[in-house]
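Asks: In this text, residue positions in the sequence shown follow the numbering used here: the first is 1066, and each later residue adds one.
Just so you know, even glycine gets a beta-carbon here, dropped at the ideal spot from N, CA and C.
The structure presented is a predicted model; accordingly, all values stated were derived computationally and were not measured.
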Amino acid sequence: MTIGFSEGQRLLPLMGAQPETAFGPAGLGDLYVTSASPRSRNRTLGEKLGSGKSLEEGLAEMHMVARGSGGPQCLLKERTLVGCDVPFINSLCAFLDGEITAPECVRSMAESVL
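1) Could you tell me which of 1164, 1132, 1167, 1155 sits nearest to residue 1107, measuring between CA atoms?
2) In its own chain, which residues sit with a C-beta less than 7 Å from the C-beta of residue 1157, not counting the 5 before and 5 after it?
3) If contacts are defined as beta-carbon pairs under 8 Å, then residue 1072 and residue 1153 qualify, I think. What distance do you get, rounded to the angstrom?
4) Within its chain, find whatever has a CB closer than 7 Å to the CB of residue 1115; leave out the 5 residues flanking it on each side and keep chain order.
5) Grab me the residues of residue 1147's own chain with a C-beta within less than 8 Å of its C-beta, minus the 5 sequence neighbours each way, in chain order.
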């Protein structure tokens, strides 16, 4: 989560986000609840993906919309417009697209900070 947050600190202002919104109480609170709450749709989807299901399988099992599932691809498109290096988002997109496994994704994310 901290690696993704760090990338967000670089990318979001380049996209026009106000730091006090994205990284203030509202933005950080949303990030925390999305990742920590067992009622979070995005966390639920993440748990399904972490258990080995594909994005399509995970979404099909849910009876609600996980809005965060399309976010990484949108950010990847935007980063090309602003020229920001985002290895965390690259890894996440490769995982969501089925190009790499969950363990490979985590390893790639961890290596991006070395």
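Replies: On the basis of the data shown:
1) 1132
2) 1137, 1170
3) 5 Å
4) 1167
5) 1076, 1079, 1080
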